[in-house]
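Asker: Take the sequence shown: its position 156, counted from the start at 1, is 155 in numbering that gives the first Met the number 0, and no numbers get skipped. Using N, Cα and C, we set each Cβ at its ideal position, and we do this for glycine too. Here you go, one structure.
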Amino acid sequence: MEDRRLQPLLHDLVGLVLAPTSALAGPDGQIRAAGVQGVFHADARVLSQALLRVDDREPEPLTHAPDGPYGARFVALARWLGDPTPDPTVRLDRVRRMTPAGLTEEIRVTSTAGLPVTATVTVDLACDLAPIEVVKSGGHGEPLTAKTGRPGELVWAADGTTVTVTAEAGEVSGPVRPATVGTATAADPTGAYRITWPVRLAPGARTTLRWRLAVDDPRAVVVRPVGDTAWSRPTVTADDHRLRRLVDRSVDDLAALRLATADTPHDVFLGAGVPWFLTLFGRDSIWAARMLLPLGTELAGGTLRTLARRQGTRVDGESGEAPGKIMHELRRHEFHLRGDRLSLPAAYYGTVDATLLWISLLHDAWRWGLPEAEVADLLPHLEAALGWLADHADADGDGFVEYVDTSGHGLANQGWKDSFDAVRFHDGRFAEAPVALAEVQGYAYEAAVAGAALLDAFGRPGGDRWRGYAAGLAERFRTRFWVDGPLGPQPALALDGRKRPVDSLTSNIGHLLGTGLLTGAESTTVAELLSSVALSGGFGLRTMSDLDAAFSPLSYHCGSVWAHDTAIVLAGLARGGFSVPAARLADGLLAAGEAFDYRLPELFGGDDRTVGRPVPYPAACRPQAWSAAVAVVLLQAATGLDPDVPAGRVRLRPLRPGPFGALSVSGLRVAGSPVDVAVDRDGTARISGLPAGLTVDVEP
Numbered sequence: 000m001e002d003r004r005l006q007p008l009l010h011d012l013v014g015l016v017l018a019p020t021s022a023l024a025g026p027d028g029q030i031r032a033a034g035v036q037g038v039f040h041a042d043a044r045v046l047s048q049a050l051l052r053v054d055d056r057e058p059e060p061l062t063h064a065p066d067g068p069y070g071a072r073f074v075a076l077a078r079w080l081g082d083p084t085p086d087p088t089v090r091l092d093r094v095r096r097m098t099p100a101g102l103t104e105e106i107r108v109t110s111t112a113g114l115p116v117t118a119t120v121t122v123d124l125a126c127d128l129a130p131i132e133v134v135k136s137g138g139h140g141e142p143l144t145a146k147t148g149r150p151g152e153l154v155w156a157a158d159g160t161t162v163t164v165t166a167e168a169g170e171v172s173g174p175v176r177p178a179t180v181g182t183a184t185a186a187d188p189t190g191a192y193r194i195t196w197p198v199r200l201a202p203g204a205r206t207t208l209r210w211r212l213a214v215d216d217p218r219a220v221v222v223r224p225v226g227d228t229a230w231s232r233p234t235v236t237a238d239d240h241r242l243r244r245l246v247d248r249s250v251d252d253l254a255a256l257r258l259a260t261a262d263t264p265h266d267v268f269l270g271a272g273v274p275w276f277l278t279l280f281g282r283d284s285i286w287a288a289r290m291l292l293p294l295g296t297e298l299a300g301g302t303l304r305t306l307a308r309r310q311g312t313r314v315d316g317e318s319g320e321a322p323g324k325i326m327h328e329l330r331r332h333e334f335h336l337r338g339d340r341l342s343l344p345a346a347y348y349g350t351v352d353a354t355l356l357w358i359s360l361l362h363d364a365w366r367w368g369l370p371e372a373e374v375a376d377l378l379p380h381l382e383a384a385l386g387w388l389a390d391h392a393d394a395d396g397d398g399f400v401e402y403v404d405t406s407g408h409g410l411a412n413q414g415w416k417d418s419f420d421a422v423r424f425h426d427g428r429f430a431e432a433p434v435a436l437a438e439v440q441g442y443a444y445e446a447a448v449a450g451a452a453l454l455d456a457f458g459r460p461g462g463d464r465w466r467g468y469a470a471g472l473a474e475r476f477r478t479r480f481w482v483d484g485p486l487g488p489q490p491a492l493a494l495d496g497r498k499r500p501v502d503s504l505t506s507n508i509g510h511l512l513g514t515g516l517l518t519g520a521e522s523t524t525v526a527e528l529l530s531s532v533a534l535s536g537g538f539g540l541r542t543m544s545d546l547d548a549a550f551s552p553l554s555y556h557c558g559s560v561w562a563h564d565t566a567i568v569l570a571g572l573a574r575g576g577f578s579v580p581a582a583r584l585a586d587g588l589l590a591a592g593e594a595f596d597y598r599l600p601e602l603f604g605g606d607d608r609t610v611g612r613p614v615p616y617p618a619a620c621r622p623q624a625w626s627a628a629v630a631v632v633l634l635q636a637a638t639g640l641d642p643d644v645p646a647g648r649v650r651l652r653p654l655r656p657g658p659f660g661a662l663s664v665s666g667l668r669v670a671g672s673p674v675d676v677a678v679d680r681d682g683t684a685r686i687s688g689l690p691a692g693l694t695v696d697v698e699p
């Protein structure tokens with residue numbers, strides 16, 4: 000049998016993050032030398048094991064729960080200690096909290112026994128400094144040898160990174176002695192070192208043992224930003240209490256995912272997700288910032304500037320760079336997955352949509368009140384991005400935006416569905432490159448119109464050219480993309496390299512809503528398709544309908560449900576007035592949020608809702624930026640808040656019927672000012688707190 004190196008599973012692990020540091024442990028709090036468990040800092044695993052024992056035995060786990068936004072508490076028992084009664088009398092609470100460059104851990108040992116308790120508490124620690132791509136490939140690094148410095152201190156160092164563990168009390172010994180089970184002479188293969196605390200507890204007493212991890216990593220390309228969270232924290236009251244819980248947990252996670260680059264620590268963006276993508280990702284960071292605009296424009300500004308500084312300047316087939324192009328991802332070194340053709344340079348530009356989405360983010364942030372001086376500073380980058388659309392986005396000259404990997408080791412698919420098998424015909428066949436995705440044409444239309452509006456507003460030439468481009472693109476799309484599907488006329492997923500429509504029915508078509516590419520009648524047709532059980536029969540919107548041959552509910556992009564994808568489509572439905580299908584998707588997302596303890600993962604299974612609860616996708620990032628941002632999209636869709644600050648207008652178009660019952664939201668922001676929005680059960684909406692000079696249009 001072929002020995003396949005598999006990506007490790009993480010759906011049942013407990014993730015903590017304070018970017019750029021994250022930790023993944025088992026539900027019992029143990030960090031074992033297996034899979035993706037460990038503490039990671041800026042693309043490297045800085046701790047590969049943290050195993051707690053009492054008298055060389057692992058405590059019996061009871062439960063775990065969040066302990067503040069960046070921490071967790073794990074509760075366990077040492078039932079062999081204390082009174083010989085059915086009730087446990089020796090308990091351990093392990094409280095772990097993240098710091099920007101490490102973590103702290105408290106081990107609280109409590110006895111309610113009637114007699115004194117004596118025990119030895121140990122934590123076995125190991126470090127392999129494995130790069131994240133090695134771990135993602137199912138591999139690991141060689142255990143490093145630690146140096147013992149001051150009493151209670153361990154230090155690992157390699158490749159410019161130093162990892163230090165300090166215990167407040169106790170003793171650090173050398174490598175862990177052989178386990179009491181197994182071969183007595185075997186050396187510990189994890190290369191672990193042991194912190195030891197002798198414990199003696201009087202009846203009813205408690206002791207707290209502490210250790211901390213600190214990382215010094217001067218070569219990291221991403222760092223914790225300078226300053227506090229820039230966006231507001233909304234306060235939500237709703238008949239559906241799930242909404243408030245989802246918002247509260249999501250806002251905590253979004254704050255934890257804040258990053259900056261080392262050279263500009265004041266410009267904040269969101270790292271894509273834990274553990275694989277905790278770095279700058281063009282598409283992910285842009286979408287997350289766009290979804291968070293109702294909380295303020297500062298994140299959008301930081302994201303736009305960070306990406307603009309790395310905008311492409313030359314044609315390079317190896318990295319996918321082109322003049323004006325916005326990058327896909329940033330790493331400290333080449334990202335190579337073992338056993339896979341994929342090998343990406345540290346700065347990789349293999350994305351077909353990030354440039355278009357960057358333009359739309361700039362336009363939307365301007366409408367939400369991004370200061371005009373900040374917008375003006377970015378106009379040269381806007382013109383460069385439009386230049387990419389004009390000169391490099393359509394390699395074969397057919398009038399559509401398409402992609403093809405010319406390097407042979409980059410991403411074969413370069414839309415948001417970027418897995419190798421994401422673009423499939425209805426009968427399951429793979430599409431051939433170059434590929435022109437349906438939603439990318441919508442993004443291009445929206446970017447052209449948005450770019451024209453910005454050029455006009457700031458006295459720059461070119462607006463008419465880009466409005467003409469958009470009109471022509473819409474006509475070409477109408478002629479070439481519409482096909483007859485199993486449910487009637489539909490936009491195809493894509494055109495393949497031979498210009499054949501890829502005729503599967505997918506969530507991609509939902510991204511066309513609100514871009515302006517579709518007519519009103521076409522939008523109604525798309526909304527009806529999205530409402531079908533084939534696409535929306537799960538806990539959200541399936542990425543591919545269950546009528547297509549390639550459908551699999553646990554496929555990465557061919558049948559699973561992605562929270563952000565569902566939210567983007569929901570927002571488009573809401574803007575178009577399609578309240579009923581939007582409300583159905585909102586309910587699916589809330590049901591999924593409840594099932595995942597209000598921390599929506601990157602994606603989950605596309606099974607029908609009759610299964611009772613969503614099935615986890617076993618390697619999904621969690622927390623993840625654009626999944627956490629879904630909560631804010633739900634607030635905006637429900638209230639219908641849509642400002643145009645430069646024009647002096649704010650529109651309210653709430654969903655009717657409202658998906659959450661009566662709803663009140665305070666702490667949203669328009670043009671930097673906090674505003675409150677309330678929507679009654681009958682859909683009547685009110686807003687207060689708007690800056691002077693803005694008029695309100697509340698749609699009946």
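The alpha helix (DSSP H) spanning proline 580 covers which residue range?
Answerer: Taking the sequence shown and counting its residues from 1, one reaches residue 580 at position 581. Segment 578–594, the alpha helix (DSSP H) holding proline 580.
Asker: Helix, strand or coil for alanine 145 per DSSP?
Answerer: Against the sequence shown, residue 145 aligns to sequence position 146. It is coil, neither helix nor strand.
Asker: For alanine 22, list the residues DSSP reports as bridge partners.
Answerer: To locate residue 22, count along the sequence shown from 1; it is residue 23. DSSP output for alanine 22 lists Leu15, Val38 as bridge partner(s).
Asker: What's the C-alpha gap between valine 532 and aspartate 82?
Answerer: In the sequence shown, counting from the first residue as 1, residue 532 sits at position 533. In the sequence shown, counting from the first residue as 1, residue 82 sits at position 83. Distance between the alpha carbons of valine 532 and aspartate 82 is about 58 angstroms.
Asker: Less than 6 angstroms between C-beta atoms, sequence neighbours within five positions excluded: which residues of the same chain meet that for threonine 236?
Answerer: The sequence position of residue 236 within the sequence shown is 237, counting from 1. These residues qualify, in order along the chain: Ser663.
Asker: Specify whether the stretch 431–445 and the stretch 464–476 touch according to this definition: at least 3 beta carbon pairs, one from each stretch, less than 8 angstroms apart.
Answerer: At 8 angstroms Cβ cutoff, the stretches touch.
Asker: For the stretch 118–132 and the stretch 215–232, state whether three or more C-beta atom pairs, one from each stretch, are separated by less than 8 angstroms.
Answerer: With a cut-off of 8 angstroms, the stretch 215–232 and the stretch 118–132 do not count as touching, because too few Cβ pairs lie within range.
Asker: With 16 other CB atoms within 10 Å as the buried threshold, where does proline 433 fall?
Answerer: Taking the sequence shown and counting its residues from 1, one reaches residue 433 at position 434. So proline 433 ends up on the buried side.
Asker: Whole-angstrom Cβ separation of isoleucine 106 and leucine 91, contact assumed at under 8 angstroms?
Answerer: Residue numbering aside, residue 106 sits at position 107 when the sequence shown is read from its first letter. Residue numbering aside, residue 91 sits at position 92 when the sequence shown is read from its first letter. Their Cβ separation, rounded to whole angstroms, is 6 angstroms, which keeps isoleucine 106 and leucine 91 in contact under 8 angstroms.
Asker: State the DSSP-derived secondary structure class of serine 663, mapped to helix, strand or coil.
Answerer: Here residue 663 refers to the residue found at position 664 of the sequence shown. Residue state, collapsed to three classes: strand.
Asker: Alpha carbons only, please: which of Gly203, Leu8, Glu382 is nearest the one belonging to glycine 706?
Answerer: Examination of residue 706 is not possible in this model, given that the chain is present from 0 through 699 alone.
Asker: With the cut-off set at 9 angstroms, would you say aspartate 215 and valine 162 are in Cβ contact?
Answerer: Here residue 215 is taken as the residue at index 216 of the sequence shown, counted from 1. Here residue 162 is taken as the residue at index 163 of the sequence shown, counted from 1. Contact flag set, yes.
Asker: Measure how close the beta-carbons of alanine 627 and leucine 253 come, nearest whole angstrom, since I'm counting them as under 8 angstroms.
Answerer: Residue 627 sits at position 628 when you count from the first residue of the sequence shown. Residue 253 sits at position 254 when you count from the first residue of the sequence shown. Rounded, the Cβ-Cβ distance is 5 angstroms, consistent with contact.
Asker: What does the Cβ neighbour count give for glycine 701, buried or exposed, with the cut at 16 atoms within 10 Å?
Answerer: Beyond the ends of the chain as shown, which are 0 and 699, falls residue 701; an answer cannot be given.
Asker: Spatial neighbours of isoleucine 508 within its chain, please: CB distance less than 8 angstroms, with the 5 preceding and 5 following residues excluded, ordered by chain position.
Answerer: The sequence position of residue 508 within the sequence shown is 509, counting from 1. For isoleucine 508, where only same-chain residues beyond five positions count, the Cβ hits under 8 angstroms are Ala437, Glu438, Gln489, Pro490, Leu492, Val525, Leu528, Leu529.
Asker: Here's the rule I'm using: 16 or more other beta-carbon atoms within 10 Å means buried, otherwise exposed. How should glycine 647 be labelled?
Answerer: As a working note, residue 647 is residue 648 in the sequence shown. Exposed.
Asker: Give the secondary structure of glycine 537 by DSSP, where H, G and I count as helix, E and B as strand, and everything else as coil.
Answerer: The sequence position of residue 537 within the sequence shown is 538, counting from 1. Correct three-state label for glycine 537: strand.
Asker: Under 8 angstroms: does the beta carbon of serine 551 sit that close to some heavy atom of the ligand HEM?
Answerer: You won't find the ligand HEM in this model; it holds no ligand whatsoever.
Asker: Let me know if arginine 199 comes out buried or exposed under the rule of 16 or more other beta-carbons within 10 Å of its beta-carbon.
Answerer: As a first step, residue 199 is located in the sequence shown; it is residue number 200 there, counting from the start. So arginine 199 counts as exposed.
Asker: In whole angstroms, give me the CA-to-CA distance for alanine 411 and leucine 80.
Answerer: As a first step, residue 411 is located in the sequence shown; it is residue number 412 there, counting from the start. As a first step, residue 80 is located in the sequence shown; it is residue number 81 there, counting from the start. For alanine 411 and leucine 80, the distance between alpha carbons rounds to 57 angstroms.
Asker: Does DSSP classify proline 642 as helix, strand or coil?
Answerer: On the sequence shown, position 643 is the one that residue 642 refers to. Three-state result, proline 642: strand.
Asker: Exposed or buried, what is lysine 416 when buried is set at 16 or more other beta-carbons lying within 10 Å of its beta-carbon?
Answerer: Walking along the sequence shown from the start, residue 416 turns up at place 417. With 16 or more other Cβ atoms within 10 Å, it is buried.
Asker: Just the C-alpha distance for arginine 423 and alanine 430, rounded to the nearest angstrom, thanks.
Answerer: Reading the sequence shown from its first residue, position 424 is the one you call residue 423. Reading the sequence shown from its first residue, position 431 is the one you call residue 430. Rounded to whole angstroms, arginine 423 to alanine 430 spans 6 angstroms at the Cα level.
Asker: Identify, in the order they occur along the chain, each residue of the same chain with its Cβ nearer than 7 angstroms to the Cβ of proline 68, setting aside the five sequence neighbours on each side.
Answerer: Here residue 68 corresponds to residue number 69 of the sequence shown, with the count starting at 1. Closer than 7 angstroms at Cβ, skipping near neighbours: Asp251, Ala254, Ala255.
Asker: Among Thr160, Val164, Gly159, Glu141, which has the Cα closest to the Cα of glycine 148?
Answerer: Here the question's residue 148 lines up with position 149 in the sequence shown. The residue with the shortest Cα to Cα distance from glycine 148 is Val164.
Asker: For glutamate 328, which beta-bridge partners are listed by DSSP?
Answerer: Residue numbering aside, residue 328 sits at position 329 when the sequence shown is read from its first letter. Per DSSP, Phe280, Tyr347.
Asker: Assess contact between the stretch 627–638 and the stretch 188–208, defined as three or more Cβ pairs (one per stretch) separated by less than 8 angstroms. Is contact present?
Answerer: The stretch 627–638 vs the stretch 188–208: no contact.
Asker: From leucine 12 to valine 35, what does the alpha carbon distance come to, in whole angstroms?
Answerer: Taking the sequence shown and counting its residues from 1, one reaches residue 12 at position 13. Taking the sequence shown and counting its residues from 1, one reaches residue 35 at position 36. Taking the straight line joining both Cα atoms gives about 9 angstroms.
Asker: For aspartate 215, which residues does DSSP report across the bridge?
Answerer: By one-based count along the sequence shown, residue 215 stands at place 216. In the DSSP output, where bridge partners are listed per residue, aspartate 215 has Thr161.
Asker: Who are the Cβ neighbours of leucine 17 in its own chain at under 8 angstroms, not counting the five residues just before and after it?
Answerer: Translated into the one-based positions of the sequence shown, residue 17 becomes position 18. Result list for leucine 17: Tyr69, Met97, Thr98, Pro99, Arg223, Ala255, in chain order.
Asker: Please state whether DSSP places leucine 269 in a helix, a strand or coil.
Answerer: Walking along the sequence shown from the start, residue 269 turns up at place 270. In this structure, leucine 269 counts as strand in the three-state DSSP scheme.
Asker: Among residues of its own chain, excluding the 5 on either side of leucine 369, which ones have a beta-carbon nearer than 7 angstroms to its beta-carbon?
Answerer: One-based indexing of the sequence shown puts residue 369 at position 370. Closer than 7 angstroms at Cβ, skipping near neighbours: Thr296, Ala299, Gly300.
Asker: Roughly how far, in whole angstroms, is the beta-carbon of leucine 599 from the beta-carbon of glycine 592, given that I think they are within contact range, below 8 angstroms?
Answerer: Within the sequence shown, numbered from 1, the residue matching residue 599 stands at position 600. Within the sequence shown, numbered from 1, the residue matching residue 592 stands at position 593. Between glycine 592 and leucine 599 the Cβ distance is about 5 angstroms, and since that is below 8 angstroms, they are a contact.
Asker: Would you call alanine 618 buried or exposed, if buried means 16 or more other Cβ atoms sit within 10 Å of its Cβ?
Answerer: Mapped onto the sequence shown, residue 618 falls at position 619. Under this definition alanine 618 is a buried residue.
Asker: DSSP three-state label for arginine 612, please.
Answerer: Along the sequence shown, one-based indexing puts residue 612 at 613. Three-state result, arginine 612: coil.
Asker: Measuring CA to CA, which of Lys324, Glu104, Val108, Val314 is closest to proline 197?
Answerer: The count along the sequence shown starts at 1 and reaches residue 197 at position 198. Nearest C-alpha to proline 197: Val108.
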